[in-house]
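Chains F, A and V are the protein sequences, given in the same order.
Each residue of the first sequence is one higher than the one before, starting from 1 at the first, in full-length UniProt numbering.
Each residue of the second sequence is one higher than the one before, starting from 1 at the first, in full-length UniProt numbering.
Each residue of the third sequence is one higher than the one before, starting from 1 at the first, in full-length UniProt numbering.
Where is the CB? At the ideal position from N, CA and C, for every residue including glycine.
Just so you know, these numbers come straight off a predicted model, no measurement behind them.
Let me begin by presenting the structure, written as structure tokens, before commenting on it.
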Amino acid sequence: MRNRATNTLSKGKIRQSWSKYNLYNLQQFRSPPTTNRTFFQQKWSAKAVSRAYHGEQVGEGQWKRMFNHRIRSVIPMNTSDLAADDGSLFSSGRGSGLDKEGKPAFQARPTPYTSMAFAPLERRLDVAIFRALFASSARQARQFVIHGAVTVNGQKMRHPSYLLNPGDLFQVEPDRVLFATGTPKTKLERREGRLAQRKEPEAEEATEAEQVEAEPTETPNTKETLKGLLSQAKTIMSTDKDTLPAKRKQELRGFQKAVRRVLSRSESSNVLTDNLEAQFSQLTLLLNAKRSEKKQPKDTKKDKQLSEEDTPATDAATDAAASDKLSEAFAQATLGEEVDASELSDEEFDTLRRALTQMRDNPIDNTKPYATPWRPRDYMSAFAFIPRYLEVNQNICAAVYLRHPVARPGSAEVPTPFGESIATPAYGWYLRRRW
Amino acid sequence: MAPRVQTRVSNSLLPYLTSTSSISSLPSSSSSQCFSRQFSVTAAPQTKLRRQMFEWLSTEGAELKHHIPGETNYVTRIKDGPMSATRPFPNNPNFVSESILSEELRNEVYNRVVEEKKSVRAVSMDLGIDMKRIAAVVRLVELEKRQREQGKHLALPYARAIHEMVPTTPLAEAGERQTYHEPINDLPAHPLTGAQIFYPVSESRPFNRVEAGRVFSSAPALEQHEAAEISHPSDLAEKVIENPKIIGWVGKGKNAREILQPADVRIPHPHMVALERDRMAHPNERRAVAERQTQRLERQDAAEQQRRDRAQARREKKLQTFTPEKSRFEYRIRETTYTEQTTGSDGRAPWAAGRRYGVPHRDRTRGEVKIPTRVEA
Amino acid sequence: MVLRIRLARFGNKHNPFFNIIVAQARSARGAKPLEVIGTYNPIPKRPTNLYNENADARPYKEIALDSSRAKYWLGVGAQPSDPVWKLMGMAGLVAPKPTTHDKA
């Protein structure tokens, strides 16, 4: 299928896409004029404008077959109202409820039915993936499906037009999602990635030799190491938007190096590999041990929270067992040359730990197709919303299609950038059968 | 389509298109770019618009470039200020970006259902989350746990970013009241209720929701003594939960359909109405009311569980599995009956099991949908 | 004439699907049978990875069989072909066929 979904500025059409062109079009958009135009013309332009957004990748014939004039809606019921009255209040008087001081007894906000005209399209797999924020455009979502990166109920589904049934669970490969929603690589990073891929086979052989060498050579003052580690952690944690990614990368690399150095000095830990997971668990164990040794009575609650927060793997039992051995090791590694451990406050420990978590979850890896460490792409937040008919788990990039979208008094669940003045004529266009 | 063709035809546009990223980061350079194409002969209708766009992106739109943790950052923020923080589309006031479950709340739901073995219904009422959503959350958290165990790659930075951008419903601190995530008693509008019906009733008898439902489904009105038995429509709810077959039918053959039930029966939590009524009737007996409510809930859970078990047993009775020792496979043998009802009088009804004889294949016919309509979980 | 219970191949190239049929032994594979008593899908289906209990489940093949009709046809002397014998053996309708190895 040819991609007509270019975000041209001259046409100013809104698409299902997160591009900045689209963002500009979205804020620039004005409803087509209605004065001096026939109803047909009004409906035509409303239809054209809304079809450019809704199911642009779907042929008109296919969409017309999907269209249904019936619109699902719900009314949120108030149980105390239901309990107070068995319905005879509604039917009393002349049949429309007794008036209270001249006003009708029951008032409700109008339900925007016509905003739901394109609800059947939200059932499509590609659209649902876009709505779950797993792809930066419906077209990209479609590509993910066709390329086999999407499963429905655990089975690979290669049809973007698959209509989800309520209860269907769909999942996209996390790497694809990170690629779709992350900042793209710069030229330099792409180059580095190519180099890294080329080097990979060579590197595997070299690492073993390197590790043996690395151990004895580095023996700087531990106090300085610790301090350096901390300052780097702080810079990592400072969420300043203006810091250039390159600089941040340098920081992260430095931090990684420092972590490795600390680990290499503690004798009990044999973890000198590049395995971040192992490094992380070792260091958190060290920190935990140190912490419990230092402040047992105080701040127990906070401690618990923290350990729950970022280390699901390390439960209390293993902590307790390991703490004795590791505290010794840590003492040997860092305090061997008479560094006072109590210099580090609780806050500093937290920073260290958070920096570690971030480093583990979001490492630098040039082989990935997106810029690392991962950052959301520009202008993503302007399009970030998740409709209620989806329940999304972002960690595993899976979502459940709970039910079909519905309208309720005052709101419609189908995300559409168009107001009543476009939605209604567009719905009217498809109400009349022209084929 | 215009710009695509132009990129190939006119070289003068090329510097523009290739240096998009540099322009976006350094908006001031866009003017100098204009100078570079002053000798170009081809008309470039996009240029002015592009300049305007980059101007907007560097001034007003700059706020939208990065997200603000803990806040939404939609286009409406620029126009209407932070008051309309939940509307992503400036032209559509009917769409609001609704909150999602926070990570802690999600884990709490999982704990309550799986670890504490509470019923989905009870958890739904406590936390104000739709029952379908609770079922989905349990599935998703379970899947996540397994993937963590298997050491699969997770999108953790992405998840964190999304939770910073989108409004979330937090888990209440200990002792605080949990804010409801969504309305849990949504009544789906039944298509039958779309009709406007003129139906005169005598003033001597009240006309309630039960009877309105009968009118909508064109069933005969209740007899006087039947109507007298139902003091409030919510009385029906408990009966229907115990035995759904008491709902009557109207119409014959294909047109047969169940009589439309009052809202008290059709909402997801009918027992909440009963609780409210109990409260109103006995305002001073809090404990007794609560006790009756727990009994009601237990009864409902038991009835539903029984129904589920029965359905499961029926399914299992029909399915027999056989695993040969030397085989890699398992054989699932489903008991079926091929009778006139299931295969049609000539044995080749379209719904008959198995591939049929003497019926032309329609698999190449135009407009025939060949993609699957459902995937077994 | 002998009655046989056998498979009739349907489906496309590389995508077989069988009806379990009762037919005269000398009739063609694609001819209309006396009766269809079941189906057999030899393409194994993979259980999904969605649930914990599926972790070590095997791929499965689906058989649908009307056992009462099968018993009737066996009772009037219909002879199952080897593949059908295998399937019916699994359903417990006939004793598993002794292999040549067992005979010896």
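Just to confirm, are residue i and residue j a CB contact at a threshold of 9 Å?
i, j, result
"proline 183/A", "threonine 86/A", "no"
"proline 233/A", "arginine 257/A", "no"
"glutamate 55/A", "isoleucine 78/A", "no"
"tyrosine 110/A", "valine 137/A", "yes"
"methionine 157/F", "valine 375/A", "yes"
"serine 17/F", "arginine 139/F", "yes"
"leucine 82/F", "proline 90/A", "no"
"isoleucine 259/A", "alanine 219/A", "yes"
"methionine 116/F", "arginine 65/F", "no"
"tyrosine 24/F", "aspartate 168/F", "no"
"asparagine 243/A", "methionine 77/F", "no"
"alanine 237/A", "proline 270/A", "yes"
"threonine 367/F", "alanine 149/F", "no"
"threonine 111/F", "arginine 375/F", "no"
Just mark residue i as buried or exposed, buried being the case when its beta carbon has 16 or more other beta carbons within 10 Å.
i, result
"aspartate 130/A", "buried"
"lysine 11/F", "exposed"
"alanine 317/F", "Note that alanine 317/F scores 37 on pLDDT, short of 50, meaning its location in the model is unreliable; the coordinates nonetheless yield the value given after this. Looking at its Cβ environment, which holds fewer than 16 other Cβ atoms inside 10 Å, alanine 317/F is exposed."
"arginine 433/F", "exposed"
"alanine 195/A", "exposed"
"phenylalanine 134/F", "buried"
"glutamine 341/A", "exposed"
"histidine 361/A", "exposed"
"glutamate 391/F", "buried"
"lysine 65/A", "buried"
"serine 345/A", "exposed"
"valine 369/A", "exposed"
"alanine 78/V", "buried"
"methionine 1/V", "exposed"
"tyrosine 56/V", "Correcting the residue identity first, residue 56/V is aspartate in this sequence and not tyrosine. Exposed, because fewer than 16 other Cβ atoms sit within 10 Å of the Cβ of aspartate 56/V."
"serine 124/A", "buried"
"glutamine 305/A", "exposed"
"methionine 380/F", "buried"
"asparagine 94/A", "buried"
Starting from residue i and walking both ways along the beta strand (DSSP E), at which residues does that stretch end?
i, result
"glutamate 335/A", "330-335"
"aspartate 186/A", "186-188"
"alanine 132/F", "Note, alanine 132/F: premise wrong, no beta strand (DSSP E); not H, not E."
"tyrosine 401/F", "398-401"
"glycine 419/F", "That residue, glycine 419/F, is in no beta strand (DSSP E); it is neither H nor E in DSSP."
"glycine 11/V", "3-12"
"valine 369/A", "Taken as a continuous stretch (DSSP letters only), valine 369/A belongs to no beta strand (DSSP E), as it is neither H nor E."
"phenylalanine 322/A", "319-322"
Anything in chain F within Cβ reach of residue i, meaning under 8 Å, just list it in chain order.
i, result
"methionine 53/A", "Leu9, Lys20, Tyr21 and Tyr24"
"residue 435/A", "A query on residue 435/A cannot be resolved here, the shown segment of chain A reaching from 1 to 377 and no further."
Along the chain, where does the alpha helix (DSSP H) containing residue i start, and where does it finish?
i, result
"alanine 149/F", "Run containing alanine 149/F: none; DSSP gives neither H nor E here."
"leucine 26/F", "20-28"
"asparagine 107/A", "103-110"
"glutamate 164/A", "156-165"
"glycine 61/A", "Per DSSP, glycine 61/A belongs to no alpha helix (DSSP H) and is neither H nor E."
"tyrosine 60/V", "Unbroken run through tyrosine 60/V is the beta strand (DSSP E), 60-65; no alpha helix (DSSP H)."
Show which residues of chain V have a CB atom less than 7 Å away from the CB atom of residue i.
i, result
"leucine 169/F", "Leu50"
"tyrosine 357/A", "Lys32"
What residues of chain V sit near residue i, judged by a beta carbon separation below 9 Å?
i, result
"tyrosine 158/A", "None at all; the shortest Cβ gap to chain V is about 21 Å."
"glycine 154/F", "Arg46, Pro47, Thr48, Asn49, Leu50, Tyr51 and Asn54"
"serine 328/A", "Here residue 328/A turns out to be arginine, not serine, going by the sequence shown. Near arginine 328/A (Cβ distances below 9 Å), the residues of chain V are Pro44, Arg58 and Pro59."
Just to make sure I have the definition right: I need the residues of chain F whose C-beta is within less than 7 Å of the C-beta of residue i. Which are they?
i, result
"glutamine 147/A", "Ile396"
"arginine 139/A", "Leu169 and Val400"
"residue 378/A", "The requested residue 378/A does not occur in the structure, where chain A is confined to residues 1 to 377."
Starting from residue i, find everything on chain V with Cβ-Cβ shorter than 8 Å and list it in chain order.
i, result
"glutamate 304/A", "Correct list: empty, because the minimum Cβ distance to chain V is about 21 Å."
Checklist line | Sufficient close CB pairs (3 or more, under 8 Å) joining the segment 261-269 of chain A to the segment 321-336 of chain A | finding: no
Next item on the list: Determine, using beta-carbon pairs with one atom in the segment 7-22 of chain V and one in the segment 161-178 of chain F, whether at least three such pairs fall under 8 Å.
Entry: no
Checklist line | Three-pair Cβ contact test at 8 Å for the segment 157-176 of chain A versus the segment 110-122 of chain A | finding: no
Next item on the list: Would you check if the segment 212-228 of chain A and the segment 271-291 of chain A touch, i.e. whether three or more CB-CB distances between them fall below 8 Å?
Entry: no
Margin query: For the pair the segment 51-69 of chain F and the segment 408-423 of chain F, tell me if three or more CB-CB distances fall below 8 Å.
Written below: yes
Margin query: Within 8 Å, do at least three Cβ pairs link the segment 27-39 of chain V to the segment 189-202 of chain F?
Written below: no
Check: Would the segment 119-127 of chain F and the segment 402-409 of chain F be scored as touching if the rule is three or more Cβ pairs under 8 Å?
Finding: yes
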